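Visitor:
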Amino acid sequence: MEYRNNNLYVEKVNTNFLSKKIKTPFYCYSLSKLKNNIKEFKKNFYEINPLICFSVKSNNNLNILRIIGRFGLGADVVSKGELLRALKAGINPNKIVFSGVGKTLDEINFALQKKILLINAESENEVRNIESIAKKKNKKVNIGLRLNPNIDAQTLKKISTGRNKDKFGISEKDFIRLLKKYNNSQNLNIKCLSVHIGSQILDYKPYLKMMNVIDGIIKKTNFKFEYIDLGGGMGIEYNKNSKKLNYKKYRLIIKKFLRRHKVKIIFEPGRSIVGNTGILISKVIYLKSSGNKNFVIMDAAMNDFMRPALYGSKHQIVPAKKNRTIIKKIHDFVGPICETTDIFLSMPSYQKIKENDTMAICDVGAYGIVLASNYNLRTKPAEILINKSNIKIISKKENLKKII
Ligand code: LLP
65 MEYRNNNLYV EKVNTNFLSK KIKTPFYCYS LSKLKNNIKE FKKNFYEINP
115 LICFSVKSNN NLNILRIIGR FGLGADVVSK GELLRALKAG INPNKIVFSG
165 VGKTLDEINF ALQKKILLIN AESENEVRNI ESIAKKKNKK VNIGLRLNPN
215 IDAQTLKKIS TGRNKDKFGI SEKDFIRLLK KYNNSQNLNI KCLSVHIGSQ
265 ILDYKPYLKM MNVIDGIIKK TNFKFEYIDL GGGMGIEYNK NSKKLNYKKY
315 RLIIKKFLRR HKVKIIFEPG RSIVGNTGIL ISKVIYLKSS GNKNFVIMDA
365 AMNDFMRPAL YGSKHQIVPA KKNRTIIKKI HDFVGPICET TDIFLSMPSY
415 QKIKENDTMA ICDVGAYGIV LASNYNLRTK PAEILINKSN IKIISKKENL
465 KKII
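In case it helps, my numbering puts the sequence shown at residues 65 to 468.
1) Less than 9 Å between the C-beta atoms of S336 and M298, yes or no?
2) Please state if the CB of S437 and the CB of N340 are separated by a distance shorter than 9 Å.
3) DSSP has P383 in a bridge; who is on the other side?
4) Quick test of your reading: A150 and L181, contact by CB under 8 Å. State the CB separation rounded to the nearest angstrom.
5) The alpha helix (DSSP H) with F81 in it runs from where to where?
6) Helix or strand or just coil, what does DSSP make of N440?
7) Starting from the Cα of I160, find the closest Cα among D170, V74, S143 and give me that residue.
8) Tell me S119's beta-bridge partners as DSSP assigns them.
9) In this structure, what does DSSP give as the bridge partners for M298?
10) With DSSP collapsed to three states, give me the class of L309.
11) Name the residue from K237, K283, T225, P157 whose alpha carbon lies nearest to the alpha carbon of I265.
12) Taking one C-beta from the region 105 to 118 and one from the region 79 to 86 each time, how about it: are there three or more such pairs within less than 8 Å?
13) Does ligand 1 have even one heavy atom less than 8 Å from the beta-carbon of L151?
14) Which residues share a DSSP beta bridge with V348?
15) To the nearest angstrom, how far is it from the Cα of N310 to the Cα of L449?
16) Does DSSP put I391 in a helix, a strand or coil?
17) DSSP state of A446, grouped into three classes?
18) Are the beta-carbon atoms belonging to L176 and I197 less than 9 Å from one another?
19) Would you please state the rounded distance, in angstroms, between the beta carbons of S346 and M423? I believe it to be under 8 Å.
20) Measure the alpha-carbon distance for E462 versus I292 and round it to whole angstroms.
21) Output yes or no for whether 9 Å exceeds the beta carbon distance between Q380 and N303.
Below, the structure written as C-alpha cells:
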C-alpha cells in the first residue's frame with residue numbers, strides 16, 4: 065500500500081477507482097503483502113524448522129486460507145466450523161491443531177474422524193472426554209495439553225490469555241498431575257505441550273519467561289514431548305512509533321531450548337501473517353461539526369470492524385486522495401451505528417475532507433471481517449483481493465434481502 069501522485073494504491077490499483085467500482089465499505093487485501101508476510105515468517109524461524117499452523121480465527125476467508133495452505137502452512141482451529149473451512153481450503157489434516165476451552169463432544173468426535181494432528185486439551189474434563197470417545201472408537205489418539213504458564217504478556221488486557229486468572233489452559237500443578245495420570249492411558253498419547261500467552265505481543269521477554277516455564281516442567285517431569293506448540297501472539301506495528309517484536313531474540317531463545325530438548329516446534333500465528341495485508345475502504349457520508357469537533361461520519365461502522373470499539377485499539381485512517389490543506393480541529397471518525405463506541409479514531413487535526421471522499425482504515429486483515437456482525441441489521445461487507453492490477457471478489461457483500 066503506497067501513495068503515488070497523492071493517490072493511495074494497493075499494488076497497482078487506485079483505491080479511489082476501486083471505491084467507485086465496488087460498493088463501500090469493503091475489505092481489500094494485497095496478495096503480495098500476504099505472500100511476503102508468509103515468507104518473512106518462515107525466514108525468521110528458518111533454523112528452527114517449525115510447523116506453522118495459521119490461526120484461522122484471525123481470518124477465515126476461503127481464498128486466503130487456500131493461498132496460505134499452498135505455502136505449506138497448516139491451521140490452528142477452534143471450532144468445527146473453522147476445521148471444516150480449513151479442510152475445504154485443502155489444508156492437510158496432518159497439519160491441523162485444534163485449541164479452545166470448550167470443545168463439545170461433537171467437535172471432538174469430528175476432529176478424531178478427520179485424523180487431525182493434535183487436539184490441544186485445555187482441562188482435565190476435556191481430556192477425560194477425549195479418552196472416553198477414543199475408547200469407544202477403540203483408538204489411540206494424539207493430544208496436546210495446553211499449559212497456563214501464569215505469565216502476563218503485557219498486551220491489551222482484553223486479549224491476554226496466559227495468566228492464571230484467564231480461562232485458558234491448565235495450571236502447572238494440574239498439568240504435571242495430568243501427565244502422570246494419563247501417561248499409561250490405552251487410548252491417549254500425550255504428544256504435545258501447548259501454550260499461548262496472548263496476542264499483539266511486542267516484547268520478547270514474556271516469551272522468554274514462557275520458555276523458562278516450559279523448560280522447568282520438562283526438567284521436573286522428564287516427559288518426552290514430540291511437539292512444543294508455542295501458539296502465536298506476535299504483534300504488528302499498528303502505528304509508526306510502535307515497538308517492534310525482536311524476532312531474532314525470540315528465535316535465539318527457542319534455539320537454546322532446542323539444544324536441550326529434541327522436539328518439533330509448532331507456531332500458531334494469525335495477526336503477524338494477515339494483519340497488515342488488509343484495509344477497510346469506506347466513504348464519508350456526512351460531515352458534521354459540533355462543539356470543538358468535526359465528526360466524519362463514514363459508511364463503515366463497528367459492525368464491519370469491531371477492534372476499536374471492542375478493545376480501544378487504534379487503527380490509522382488514511383485518505384484515498386491526499387491534499388495539503390490541514391484543518392486544525394479534532395476529527396472523530398465514526399460510523400452510523402447507534403452507539404457512542406462506534407468510533408474508529410480521533411485525530412487532533414486532519415486534511416480537508418469532503419462528503420463522498422474515500423478513506424481507508426489500515427491493518428484490518430486480522431480480526432477484521434471475522435468479527436463483523438449484523439448489528440443494526442447492517443449487512444457484512446465484501447472482501448476483495450488485489451493481485452497486481454487484478455481485482456477479485458473473494459467474498460460478496462451480504463444480501464440485505466436474504467438477511468431480512
Ligand atoms: N493460538 C491460540 C491458542 C490463540 O488463542 C490465538 C489467538 C492465536 C493462536 C493467534 O494469535 P495471534 O498470532 O493472531 O496473535 N480479537 C483479538 C485477538 C484475539 C486473539 C485470540 N487468540 C484482537 O483483535 O486483537
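All residues carry an ideal CB built from backbone N, CA and C; glycine is no exception. Remember, it's a predicted structure, so these values are computed and weren't measured experimentally.
Guide: In short:
1) Mapped onto the sequence shown, residue 336 falls at position 272. Mapped onto the sequence shown, residue 298 falls at position 234. Yes, the Cβ-Cβ distance between S336 and M298 is below 9 Å.
2) The residue you call residue 340 lines up with position 276 of the sequence shown. The residue you call residue 437 lines up with position 373 of the sequence shown. Taking 9 Å as the Cβ cut-off, N340 and S437 do not qualify as a contacting pair.
3) The residue given as residue 383 occupies position 319 in the sequence shown. BP columns for P383 point to M423.
4) Here residue 150 refers to the residue found at position 86 when the sequence shown is read from its first residue. Here residue 181 refers to the residue found at position 117 when the sequence shown is read from its first residue. Actually they do not touch by this definition, with Cβ atoms about 12 Å apart.
5) Working through the sequence shown from its first residue, we reach residue 81 at position 17. Its alpha helix (DSSP H) spans residues 79 to 85.
6) Numbered from its first residue, the sequence shown carries residue 440 at position 376. Per DSSP, reduced to three states, the secondary structure at N440 is helical.
7) Along the sequence shown, one-based indexing puts residue 160 at 96. For the set D170, V74, S143, the Cα lying nearest the Cα of I160 is the one of S143.
8) For the purposes of this step, residue 119 is taken as residue 55 along the sequence shown, with counting starting at 1. Beta-bridge pairing by DSSP links S119 to D140.
9) Sequence index remark: in the sequence shown, residue 298 carries index 234 (1-based). Under DSSP, M298 takes part in a beta bridge, and its partners are I265.
10) The count along the sequence shown starts at 1 and reaches residue 309 at position 245. In the three-state reduction of the DSSP assignment, L309 falls in the coil class, being assigned neither a helical nor a strand state.
11) Counted from its first residue, the sequence shown places residue 265 at position 201. If we check each option's Cα against that of I265, T225 comes out closest.
12) With the rule of 3 Cβ pairs closer than 8 Å, the region 105 to 118 does not count as touching the region 79 to 86.
13) Looking up residue 151 in the sequence shown gives position 87. The answer is no for L151.
14) Residue numbering aside, residue 348 sits at position 284 when the sequence shown is read from its first letter. Its beta-bridge partners are M362.
15) For this step, residue 310 is matched to residue 246 along the sequence shown. For this step, residue 449 is matched to residue 385 along the sequence shown. When only Cα atoms are considered, N310 and L449 end up about 30 Å apart.
16) Along the sequence shown, read from residue 1 onward, the residue named residue 391 stands at position 327. In this structure, I391 counts as strand in the three-state DSSP scheme.
17) On the sequence shown, residue 446 is found 382 positions in, with the first residue counted as 1. A446: strand per DSSP, three-state reduction.
18) Along the sequence shown, read from residue 1 onward, the residue named residue 176 stands at position 112. Along the sequence shown, read from residue 1 onward, the residue named residue 197 stands at position 133. Yes, the Cβ-Cβ distance between L176 and I197 is below 9 Å.
19) Position 282 of the sequence shown, counted from the start, is the residue given in the question as residue 346. Position 359 of the sequence shown, counted from the start, is the residue given in the question as residue 423. Taking 8 Å as the upper bound for CB-CB distance, S346 and M423 are in contact here, some 5 Å apart.
20) In the sequence shown, residue 462 corresponds to position 398, counting from 1. In the sequence shown, residue 292 corresponds to position 228, counting from 1. Rounded to whole angstroms, E462 and I292 show a C-alpha spacing of 40 Å.
21) Numbered from its first residue, the sequence shown carries residue 380 at position 316. Numbered from its first residue, the sequence shown carries residue 303 at position 239. For Q380 and N303, yes; Cβs fall inside 9 Å.
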